[in-house]
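Have a look at the structure below before the remarks.
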Amino acid sequence: MTTTTAEQHKSDGIGKDLIVYVCLLALAGLQFVIAYQNIDPSQMFVRMLAVACVEAGLAELFFMHLWSEKRSFLLFVVIFTVAVLLGMQYGWSDSFRMVTGAPFSK
Amino acid sequence: MSQADLTMEGHSTGLTAGPVFSIPTKKLAMWLFIIADTMTFAACLVAYGFLRNGSPSWPRPFHSITNVALMTFILLTSSLTMLVGLRSARAGDKAGAFRWTIITAVLGIVFALLHLREWMGLIGEGMTMFKNPWGDPLFGASFFSITGLHLTHVTCGVIALIAVGLRYKGGRYNADDIEVLGLYWHFVDLVWMFVVPLVYLLNLTH
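Those sequence lines, one after another, are chains A and B. Residues 207 to 312 (the working numbering) make up the first sequence, in order. Residues 19 to 224 (the working numbering) make up the second sequence, in order.
And the structure:
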């Protein structure tokens, strides 16, 4: 498997890495552009997070070579990570409740 | 067939089954570490978001994006140099792999220095872990915790890059070790892509 991956890496060439690098730079630049847009902070947050997720996906698939690993491993990493990350989102509603002031801040 | 034969056969089957997911053990261990570390950073960022949402006076102390943009560029470029180093190692170019690994480490050092310069600037403006002149005191605690955790990862990565590079040059490590270290370095880069928008860009002074 290691040999197969190694051969694959050699045959791919540096071109693909450069393309991914330029894409990542462009996406990082896009985040900076979004930061200066005159929009609602929640909208800004959603847009920036979406761009960051695309960046992370590109980095994982091509820089970390997850794309050339076995599909079962790719699924293991993606499903496990996404499931736990989603599990961490349960607290947001409570943070908004702190802002709106009910019931704790009275 | 005796019970002993059955047991031996069972063991034999287990031993020859090959590594999990058919990837080398070191690489699998690094991936498992990365998944675990993802949870650590995610927990920190979610906690940061919770505090930011829950505070009506969250400060926006960043006036300029120049420093953070430069840091992002350097870290992304270091990922590319790491890849070039790995390619050289795979191609058997030992000198090239060592050179690119050290270039990656140097870029990591430059990133860390820029990060420290930014910290010193904020500390100079009166920001500490427990207070700041702009608003909610928790901003300092969350900012230094998240960026400090990331900076710790970068520092460890730089040390590992130099150590693995030297051992690779000395013939004690091979291209697989460079690849495993590369996974870690790309992960540090990946985390920065989330830290920048959440901690810096959402707190820009407009």
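Built from N, CA and C at the ideal position, the CB exists for glycine as well. If you're wondering where the values come from, they're calculated on a predicted model, not measured in any experiment.
Please classify residue i as buried or exposed, where buried requires at least 16 other C-beta atoms within 10 Å of its C-beta.
{"i": "Asn244 of chain A", "result": "exposed"}
{"i": "Tyr296 of chain A", "result": "exposed"}
{"i": "Tyr202 of chain B", "result": "buried"}
{"i": "Arg78 of chain B", "result": "exposed"}
{"i": "Glu261 of chain A", "result": "buried"}
{"i": "Thr209 of chain A", "result": "Because Thr209 of chain A sits at a pLDDT of 45, beneath the cut-off of 50, its placement in the model cannot be relied upon, and the point is left open."}
{"i": "Leu264 of chain A", "result": "buried"}
{"i": "Gln237 of chain A", "result": "buried"}
{"i": "His133 of chain B", "result": "buried"}
{"i": "Trp118 of chain B", "result": "buried"}
{"i": "Val86 of chain B", "result": "buried"}
{"i": "Gly293 of chain A", "result": "exposed"}
{"i": "Ser222 of chain A", "result": "Per the sequence shown, residue 222 of chain A should be read as Lys rather than Ser. Under this definition Lys222 of chain A is an exposed residue."}
{"i": "Leu24 of chain B", "result": "Unreliable positioning characterises Leu24 of chain B in this predicted model, as indicated by a pLDDT of 48, which lies under 50. A coordinate reading is not provided."}
{"i": "Gly219 of chain A", "result": "exposed"}
{"i": "Thr90 of chain B", "result": "buried"}
{"i": "Phe302 of chain A", "result": "exposed"}
{"i": "His81 of chain B", "result": "exposed"}
{"i": "Thr146 of chain B", "result": "exposed"}
{"i": "Glu215 of chain B", "result": "What sits at residue 215 of chain B in the sequence shown is Pro, not Glu. Buried: at least 16 other Cβ atoms inside 10 Å."}
{"i": "Ile141 of chain B", "result": "exposed"}
{"i": "Tyr218 of chain B", "result": "buried"}
{"i": "Leu256 of chain A", "result": "It is Ala, not Leu, that sits at residue 256 of chain A in the sequence shown. Its Cβ having fewer than 16 others within 10 Å, Ala256 of chain A is exposed."}
{"i": "Gly17 of chain B", "result": "For chain B, the structure presents residues 19 to 224; residue 17 of chain B sits outside this window and is missing."}
{"i": "Arg135 of chain B", "result": "exposed"}
{"i": "Ser30 of chain B", "result": "Low confidence applies to Ser30 of chain B: its pLDDT is 48, below 50, so where it sits in the model is not reliable, and the reading given next is rough at best. Exposed."}
{"i": "Phe148 of chain B", "result": "exposed"}
{"i": "Arg108 of chain B", "result": "buried"}
{"i": "Trp273 of chain A", "result": "exposed"}
{"i": "Ala113 of chain B", "result": "exposed"}
Just the chain B side, please: which residues come within less than 8 angstroms of residue i by C-beta, in chain order?
{"i": "Val278 of chain A", "result": "The question names Val, but residue 278 of chain A in the sequence shown is Ser. Within chain B, the residues near Ser278 of chain A are Phe39."}
{"i": "Leu155 of chain A", "result": "The first residue shown for chain A is 207 and the last is 312, placing residue 155 of chain A beyond what the model contains."}
{"i": "Ala262 of chain A", "result": "Leu208, Met211, Phe212"}
What does residue i reach in chain A if we use C-beta pairs closer than 8 angstroms?
{"i": "Val64 of chain B", "result": "Met294, Gln295, Gly297"}
Residue i touches chain B at which residues, Cβ-Cβ below 7 angstroms?
{"i": "Gln164 of chain A", "result": "Since the first residue of chain A shown is 207 and the last is 312, residue 164 of chain A is not available in this structure."}
{"i": "Asp223 of chain A", "result": "Leu98, Leu101"}
Tell me, please, which residues DSSP counts as bridged to residue i.
{"i": "Phe286 of chain A", "result": "In DSSP, Phe286 of chain A forms no bridge with anything."}
{"i": "Phe80 of chain B", "result": "B:Leu222"}
Using the beta-carbon of each residue, which ones in chain A are nearer than 9 angstroms to residue i?
{"i": "Arg230 of chain B", "result": "Since the first residue of chain B shown is 19 and the last is 224, residue 230 of chain B is not available in this structure."}
{"i": "Leu68 of chain B", "result": "According to the sequence displayed, residue 68 of chain B carries Phe and not Leu. Correct list: Gly297, Trp298, Asp300, Ser301, Met304."}
{"i": "Ala87 of chain B", "result": "Ala234, Gly235, Phe238"}
{"i": "Ile83 of chain B", "result": "Phe238, Ala241, Tyr242"}
Give me the chain A residues within the contact set of residue i, using Cβ-Cβ distance strictly less than 7 angstroms, ordered along the chain.
{"i": "His204 of chain B", "result": "Ala265, Phe269, Met270"}
{"i": "Trp49 of chain B", "result": "Val283"}
{"i": "Ile53 of chain B", "result": "Val283, Phe286, Thr287"}
{"i": "Leu201 of chain B", "result": "Met270"}
{"i": "Thr56 of chain B", "result": "Thr287"}
{"i": "Leu222 of chain B", "result": "Ala241"}
Using the beta-carbon of each residue, which ones in chain E are nearer than 8 angstroms to residue i?
{"i": "Ala60 of chain B", "result": "The structure shown contains no chain E; its protein chains are A and B."}
Could you name the residues of chain B that residue i contacts, counting a contact when the two beta carbons are closer than 9 angstroms?
{"i": "Ile245 of chain A", "result": "None at all; the shortest Cβ gap to chain B is about 11 angstroms."}
{"i": "Ala256 of chain A", "result": "Correct list: empty, because the minimum Cβ distance to chain B is about 10 angstroms."}
By the 8 angstroms beta-carbon criterion, what residues does the region 283 to 302 of chain A contribute toward chain B? Cβ contacts with chain B come from Val283, Phe286, Thr287, Val290, Leu291, Met294, Gln295, Gly297, Trp298, Asp300, Ser301, Phe302.
Runs of 4 residues minimum, wholly inside the region 142 to 197 of chain B: which ones carry the alpha helix (DSSP H) assignment? The alpha helix (DSSP H) runs lying completely inside the region 142 to 197 of chain B and spanning 4 residues or more are 156 to 187, given in chain order.
Could you name each continuous alpha helix (DSSP H) segment of 4 residues or more that falls completely within the region 59 to 111 of chain B, going from the start of the chain to the end? Complete alpha helix (DSSP H) runs here, min 4: 84 to 108.
With 9 angstroms as the C-beta to C-beta threshold (strictly closer), list the residues of the region 139 to 166 of chain B near chain A in chain order. Of all residues in the region 139 to 166 of chain B, none comes within less than 9 angstroms of chain A when Cβ atoms are compared.
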